[in-house]
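Right, one structure below, let's go through it.
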Amino acid sequence: MTQRRWIPALLLGLTVTLLAGCSTTRVVEGQVQSFSTLAAVPAPATYRIERLPSQQAPSFDAIATLADQALARAGLQRDDAAPRLLVQLGVQADAVPRYDPFRPYGPYGPGPWGMGGWYGRGWGVHGVWRFGEPTPLHRRAVSIVMRDASTQAVVYETSAVHEDVWVSDPAVYGVLFDAALNGFPKPPQGPRQVRIPLAPPAP
0 MTQRRWIPAL
10 LLGLTVTLLA
20 GCSTTRVVEG
30 QVQSFSTLAA
40 VPAPATYRIE
50 RLPSQQAPSF
60 DAIATLADQA
70 LARAGLQRDD
80 AAPRLLVQLG
90 VQADAVPRYD
100 PFRPYGPYGP
110 GPWGMGGWYG
120 RGWGVHGVWR
130 FGEPTPLHRR
140 AVSIVMRDAS
150 TQAVVYETSA
160 VHEDVWVSDP
170 AVYGVLFDAA
180 LNGFPKPPQG
190 PRQVRIPLAP
200 PAP
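Per numbering that gives the first Met the number 0, residue 0 is the first one in the sequence shown, and the count goes up by one each step.
Next up, the structure:
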């Protein structure tokens with residue numbers, strides 16, 4: 000009888016713990032790499048986002064808004080009429096196979112498999128998953144290229160990549176834009192990890 004009593008209590012406790020975990024703030028870890036020729040924030044610190052043909056769809060508006068917010072936090076101000084910088088965005092969403100030590104040919108068995116690319120620096124969502132195979136990792140990536148509006152020279156290039164079994168689109172892209180702009184305009188040299196909290200959605 001004693002054993003039967005604690006089993007429901009244990010299940011209830013696990014349920015409460017899981018629900019509490021869902022309401023906590025998650026941390027997104029991005030693999031960031033940046034290159035800069037800027038010595039300081041340009042003056043005036045204005046920019047305009049230049050959309051590629053593949054980014055003209057209304058579905059890209061939410062991504063552009065998240066990028067605007069991240070650029071503002073980095074000290075830049077949007078000014079489409081008189082920009083000092085021209086900003087080009089890249090976004091990628093796909094699935095990455097997880098390594099399974101019990102499958103000698105990898106997570107998808109023998110034979111070739113492929114995932115899509117960047118579509119240049121455009122906007123693409125794609126991936127491959129077969130029923131019955133291990134759930135792949137969600138891979139989300141962003142890139143930002145800034146050019147001097149007067150000379151067209153690239154003055155800043157940065158990217159951030161995140162892989163996890165859990166994903167929250169499109170909010171995760173805002174966090175990745177923040178990670179990619181970490182240290183702007185003089186970021187640390189070489190690849191680095193940047194951890195930024197992802198606030199839970201409003202109730």
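We treat Cβ as the ideally placed atom computed from N, Cα and C, and that holds for glycine. Quantities reported herein were computed from a predicted structural model and do not represent experimental measurements.
- Distances from the alpha-carbon of ALA38 to those of VAL193, LEU85 and PRO186 put PRO186 closest.
- The alpha-carbon of VAL154 is positioned some 6 Å away from that of MET145.
- VAL171 and PHE183 have their C-alpha atoms some 20 Å from each other.
- Under the rule that a run must span 4 or more residues, the alpha helix (DSSP H) segments found entirely inside the segment 49–86 read 60–72.
- Taking each of GLY74, VAL90 and ALA152 in turn and checking the Cα distance to SER58, the smallest one comes out for VAL90.
- The residues LEU70, LEU75, GLN76, ARG77, ASP78, PRO82, ARG83, LEU84, LEU85, VAL86 and MET145, in chain order, have a CB closer than 8 Å to that of TYR46 in the same chain once the five nearest residues on each side in sequence are set aside.
- Using a Cβ distance threshold of 8 Å, GLN30 and PRO190 count as a contacting pair.
- Around the Cβ of THR64, a 10 Å sphere holds fewer than 16 other Cβ atoms; the residue is exposed.
- Contact between HIS161 and ARG194 does not hold, since their C-beta atoms are separated by about 10 Å, which reaches or exceeds 8 Å.
- In this structure, THR36 is the residue among THR36, ARG25 and LEU175 with its C-alpha nearest to the C-alpha of GLN188.
- Between the alpha carbons of SER149 and TRP165 lies a distance of about 42 Å.
- Exclusion of the five residues before and after GLU28 leaves HIS161, GLN192 and ARG194 as the residues of its chain whose Cβ lies within less than 7 Å of its Cβ.
- GLN151 counts as exposed, since fewer than 16 other C-beta atoms from the protein chains shown sit within 10 angstroms of its C-beta.
- With distances taken between CA atoms, ALA178 lies nearest to LEU197 out of ASP163, LEU197, ALA42 and SER167.
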